[in-house]
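What follows is the structure in structure tokens.
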């Protein structure tokens with residue numbers, strides 16, 4: 002496979018010379034109908050309001066072919082060592098199904114068998130907790146699940162949990178309450194712990210390495226609080242399970258009720274469909290719900306194999322994102338779900354994208370000189386409309402937008418006021434914003450003038466369900482993966498977080514003669 | 002007063018030619034001790050790790066003097082029509098105290114008397130609800146307060162509420178539970194409503210104009226739900242109070258239990274210290290808590306009068322932000338509180354900053370050609386460290402950082418593990434990050450190399466209390482105000498949100514022959 006830096010490709014050079022078309026010129030009803038790609042889980046990706054002419058699209062296809070982006074995805078699925086920095090395979094797709102049907106072996110085992118074996122263990126355990134066969138140490142049924150983890154062990158599972166509560170409620174699915182502790186700030190744990198009924202709570206300790214400082218500290222804080230509790234017969238360790246790798250210290254701690262395993266081939270930010278997300282989601286909503294999420298993701302994973310960019314939403318989204326970043330020069334992208342259930346989904350995508358592609362070296366560890374991952378931020382619409390949209394409409398920089406919307410709400414509790422339902426008002430606002438950003442408005446008063454030409458895309462579907470949520474997650478994971486291929490990055494390591502960890506240890510050890518650290522410590526500690 | 006565009010000032014021209022110093026070159030223990038400015042509420046602002054040499058600082062002072070930034074603030078405080086677009090005074094400072102001691106009249110009334118009169122009414126009402134003299138319509142005490150509002154009526158009050166819960170708990174202050182409904186997505190209200198005991202809940206309807214579509218829709222949804230409730234004797238309107246302007250339709254609705262007033266001189270994003278934040282915070286934490294917050298903000302408002310930039314934290318922060326944006330060319334800024342209590346504070350600042358200064362016209366409505374407000378985003382540390390910090394450390398763009406930290410936690414529930422308390426670990430990480438971002442690290446392996454020179458500032462204090470929180474809020478409000486002066490903007494209108502509202506009405510009315518809107522509506526509605 003041919004891995005070369007972006008600025009050495011013919012496709013990139015050809016794109017630099019592309020005549021630029023504005024969104025205003027391009028957008029038409031016909032284009033809205035035509036620039037529309039099927040994703041998994043019943044979703045579709047519409048890129049009509051992107052500044053991509055027919056000529057630019059053809060050149061993006063040529064770049065995709067030259068770099069063989071779909072082929073690199075196949076290579077990843079086949080078990081190539083795609084995490085070049087840490088010399089690891091990248092296997093998160095395998096947690097939801099075997100896309101190519103090939104056997105991937107590592108550490109002397111069949112990885113598909115390993116992940117599906119863990120999935121079966123999750124199915125059995127979650128069913129036993131939910132139907133009361135497994136109880137708390139004082140004999141009471143478990144009603145609350147509290148995940149202790151940080152980063153990928155927190156943001157993805159938390160976003161997915163919040164995204165499914167309303168669906169479960171609206172669909173009559175039995176729910177256990179989910180809580181999350183992540184920050185080493187003791188106030189995070191304190192706020193959560195005081196609202197827990199310890200006898201009915203199961204804690205899930207999530208750390209792949211088993212050595213994450215924040216997570217182990219919060220585990221100790223929780224165990225100490227349980228130990229101090231006056232409840233008779235409460236055995237703290239029997240209210241805790243672990244999700245970790247088989248080789249971690251946690252895997253050997255048999256004081257806990259149970260342990261479920263992932264491995265080094267699943268990066269933290271890609272771990273939502275492994276045991277990291279699977280245990281908590283199966284406990285809270287039942288295994289069938291989690292299985293439906295996996296199936297939606299797997300469907301999207303299969304669609305992502307397509308080499309024609311007009312048939313592959315993740316690939317097209319990746320190429321457009323690259324075009325906006327490297328050809329148009331836009332430094333940020335906003336994620337704007339018109340769905341309250343996706344309130345924390347932008348925070349997950351922020352990690353997924355910025356940690357994967359916020360890099361300055363290529364996959365061989367050599368410095369590169371072109372822009373890579375943009376800043377990612379977002380909040381649910383319509384809330385954002387009453388907040389930062391002012392800058393998006395009339396600020397000095399152009400920020401591309403990724404809208405997400407659904408025809409139906411989740412709870413099914415809606416009322417008609419002033420002639421329309423709330424869900425209709427929500428989507429009317431979404432449509433209006435896409436049009437306003439694209440077309441702008443002339444006005445003799447410059448303060449009421451909108452330049453327009455703000456690019457946007459729209460992912461849409463009937464309803465946010467486990468299946469469509471899984472596809473949405475996979476869409477963005479694969480988009481980020483394809484962008485990593487375009488930029489010739491390793492999207493699966495994170496060396497940029499190491500230096501802070503080392504220095505934090507120095508501060509805790511008394512700075513070892515480092516004057517700067519001492520001077521700051523004098524301010525704060 | 003002399004209002005001219007930035008690119009016509011001598012100070013700006015002088016700064017363009019400033020020799021650039023790197024953070025690496027500048028940062029020293031002495032500088033950490035010296036570049037440290039007192040804010041209100043016991044806080045301090047440290048700008049040691051900013052790329053501002055002595056020469057640049059002198060030129061920033063010259064620009065501040067040339068533009069008379071402190072004088073413009075005095076003009077605002079004196080009741081000048083600073084919201085030039087909407088032809089309104091800008092009086093949010095007056096909600097916490099009279100900084101200059103001058104009388105400001107508008108609409109035929111003394112505005113200080115009006116705001117303090119409303120404050121007194123809030124004091125009385127909140128005390129009566131909290132001590133049970135005012136009860137729900139079925140005779141039960143109120144234990145939960147639910148604010149219905151969007152944008153400025155939501156983000157600020159919600160961020161402050163979340164910021165004070167742990168403090169109240171740790172300080173033994175009686176709390177009513179706070180809930181918030183904002184999104185027109187019916188799932189937002191559905192998720193909140195199902196956890197409310199209607200007999201014990203008081204709803205606060207917040208809309209300055211009394212016509213906000215999302216808020217009125219959610220009011221109707223709440224009232225309809227209460228009407229359908231089987232609870233005998235429940236009178237829905239007696240569980241609702243309004244915060245609005247005296248001239249709005251809501252002010253005339255005497256079916257509600259009470260109404261509290263603000264006016265057109267308080268912009269939504271600046272309204273947290275008016276009745277918009279005052280009613281909910283006084284109900285949840287008691288009036289004395291809200292008063293302490295106002296006092297902290299007022300102290301910072303007074304310190305912001307200083308014309309020497311090394312004595313005025315808000316002014317210095319504003320000038321540095323301008324330098325990073327217009328001289329260095331950085332398009333975004335991250336807000337990174339090392340305090341879980343400030344989890345939604347970045348979302349509030351995102352609105353405050355981006356809606357105020359995301360503008361393309363000057364205060365006279367004429368187009369300008371220099372960059373204005375940056376993208377603002379952020380999440381609490383240490384969580385961000387395990388997420389998007391990879392891009393901050395090793396991404397292709399430099400993102401300036403604003404850190405916030407406190408010596409003590411709020412709840413006072415901390416444990417020692419591995420030789421240190423969680424709060425110490427939290428702050429060790431904060432210090433380590435500042436140092437890592439500033440200094441970077443050489444390495445023969447480019448993947449483990451950190452360029453450093455990532456600028457950051459630090460706001461710090463003993464503990465997040467009502468007083469320090471008020472000062473923190475005021476600091477950023479005044480920073481944004483000073484930046485608006487530097488860029489010669491009107492930071493107090495938001496014409497950029499109007500077009501979307503108009504188009505949303507067209508969609509709801511059936512598009513009136515607009516093909517683009519119809520084509521998008523065919524996808525979604």
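Residue numbers (my numbering), protein chains in the order written: chain A, 2 to 526; chain B, 2 to 526. For glycine and all other residues, C-beta sits at the position ideal for the given N, C-alpha and C. These figures come from a predicted structure and were not determined experimentally.
If you draw a straight line from the C-alpha of residue i to the C-alpha of residue j, how long is it?
{"i": "residue 69 of chain A", "j": "residue 498 of chain A", "result": "31 Å"}
{"i": "residue 248 of chain B", "j": "residue 76 of chain B", "result": "27 Å"}
{"i": "residue 237 of chain A", "j": "residue 228 of chain A", "result": "6 Å"}
{"i": "residue 438 of chain A", "j": "residue 476 of chain A", "result": "24 Å"}
{"i": "residue 310 of chain A", "j": "residue 81 of chain A", "result": "23 Å"}
{"i": "residue 100 of chain B", "j": "residue 243 of chain A", "result": "56 Å"}
{"i": "residue 287 of chain A", "j": "residue 424 of chain A", "result": "28 Å"}
{"i": "residue 373 of chain A", "j": "residue 400 of chain A", "result": "16 Å"}
{"i": "residue 137 of chain A", "j": "residue 167 of chain B", "result": "29 Å"}
{"i": "residue 104 of chain A", "j": "residue 117 of chain A", "result": "13 Å"}
{"i": "residue 87 of chain A", "j": "residue 366 of chain A", "result": "11 Å"}
{"i": "residue 447 of chain A", "j": "residue 360 of chain B", "result": "11 Å"}
{"i": "residue 335 of chain A", "j": "residue 391 of chain A", "result": "13 Å"}
{"i": "residue 292 of chain B", "j": "residue 274 of chain A", "result": "48 Å"}
{"i": "residue 102 of chain A", "j": "residue 37 of chain A", "result": "29 Å"}
{"i": "residue 371 of chain B", "j": "residue 397 of chain A", "result": "7 Å"}
Which residue's Cα is closest to the Cα of residue i: the options?
{"i": "residue 57 of chain A", "options": "A:231, A:322 and A:208", "result": "A:322"}
{"i": "residue 421 of chain A", "options": "B:113, B:265, B:222 and B:180", "result": "B:222"}
{"i": "residue 66 of chain B", "options": "B:404, B:157, B:202 and B:12", "result": "B:12"}
{"i": "residue 463 of chain A", "options": "A:226, A:457, A:230 and A:406", "result": "A:406"}
{"i": "residue 19 of chain B", "options": "B:304, B:53, B:338 and B:32", "result": "B:53"}
{"i": "residue 85 of chain B", "options": "B:455, B:490, B:92 and B:452", "result": "B:490"}
{"i": "residue 375 of chain B", "options": "A:393, A:38, A:369 and A:366", "result": "A:393"}
{"i": "residue 315 of chain A", "options": "A:338, A:272, A:482 and A:30", "result": "A:482"}
{"i": "residue 521 of chain A", "options": "B:2, B:17, B:22 and B:35", "result": "B:35"}
{"i": "residue 200 of chain B", "options": "B:434, B:230, B:62 and B:363", "result": "B:230"}
{"i": "residue 337 of chain B", "options": "B:353, B:370, B:355 and B:383", "result": "B:383"}
Could you pull out every residue in the same chain whose Cβ sits closer than 8 Å to the Cβ of residue i, ignoring the five residues on either side in sequence?
{"i": "residue 388 of chain B", "result": "380"}
{"i": "residue 203 of chain B", "result": "130, 137, 143, 145, 146, 147, 240, 241, 242, 258 and 284"}
I'd like the span of the alpha helix (DSSP H) that includes residue i, first residue to last.
{"i": "residue 26 of chain B", "result": "24–27"}
{"i": "residue 130 of chain A", "result": "112–131"}
{"i": "residue 286 of chain A", "result": "276–286"}
{"i": "residue 552 of chain B", "result": "This structure does not reach residue 552 of chain B, given that chain B is present from 2 up to 526, and the question cannot be answered."}
{"i": "residue 517 of chain A", "result": "516–525"}
{"i": "residue 169 of chain B", "result": "156–172"}
{"i": "residue 74 of chain A", "result": "70–78"}
{"i": "residue 358 of chain B", "result": "346–358"}
{"i": "residue 46 of chain A", "result": "Where residue 46 of chain A is concerned, there is no enclosing alpha helix (DSSP H), although the beta strand (DSSP E) it sits in stretches over 45–47."}
Closer than 6 Å by C-beta to residue i: which residues in its own chain qualify, once you throw out the five before and the five after it? Chain order, please.
{"i": "residue 198 of chain A", "result": "none"}
{"i": "residue 459 of chain A", "result": "47 and 404"}
{"i": "residue 180 of chain A", "result": "147 and 193"}
Could you give the residue range of the beta strand (DSSP E) that holds residue i?
{"i": "residue 218 of chain A", "result": "Segment 214–229 is the alpha helix (DSSP H) holding residue 218 of chain A; no beta strand (DSSP E) there."}
{"i": "residue 338 of chain B", "result": "333–339"}
{"i": "residue 412 of chain A", "result": "First-last for residue 412 of chain A: undefined, no H or E at that position."}
Excluding the 5 residues preceding and the 5 following residue i in the sequence, name in chain order all residues of the same chain whose CB lies nearer than 7 Å to its CB.
{"i": "residue 452 of chain B", "result": "441"}
{"i": "residue 358 of chain B", "result": "373, 374, 481, 484, 485, 488, 490 and 492"}
Using 8 Å as the threshold, is the region 114–130 of chain B in touch with the region 272–287 of chain B, meaning 3 or more CB pairs across them?
yes
Answer yes if the region 184–196 of chain A comes into contact with the region 488–503 of chain A, meaning at least three C-beta pairs across the two stretches below 8 Å, and no otherwise.
Output reads no: the region 184–196 of chain A does not touch the region 488–503 of chain A.
So, does the region 435–445 of chain B touch the region 500–510 of chain A, judging by three or more C-beta pairs under 8 Å?
yes
Should the region 401–417 of chain B be called in touch with the region 4–24 of chain B, which here means at least 3 C-beta pairs below 8 Å?
no
Just checking, does the region 141–159 of chain A make contact with the region 320–337 of chain A on the three C-beta pairs under 8 Å criterion?
no
Report yes or no: do the region 293–308 of chain A and the region 463–477 of chain A share at least 3 C-beta pairs separated by less than 8 Å?
yes
Between the region 101–113 of chain A and the region 170–186 of chain A, do at least 3 Cβ pairs fall closer than 8 Å?
no
Stretch pair the region 258–278 of chain A + the region 88–106 of chain A: three plus CB contacts closer than 8 Å
yes
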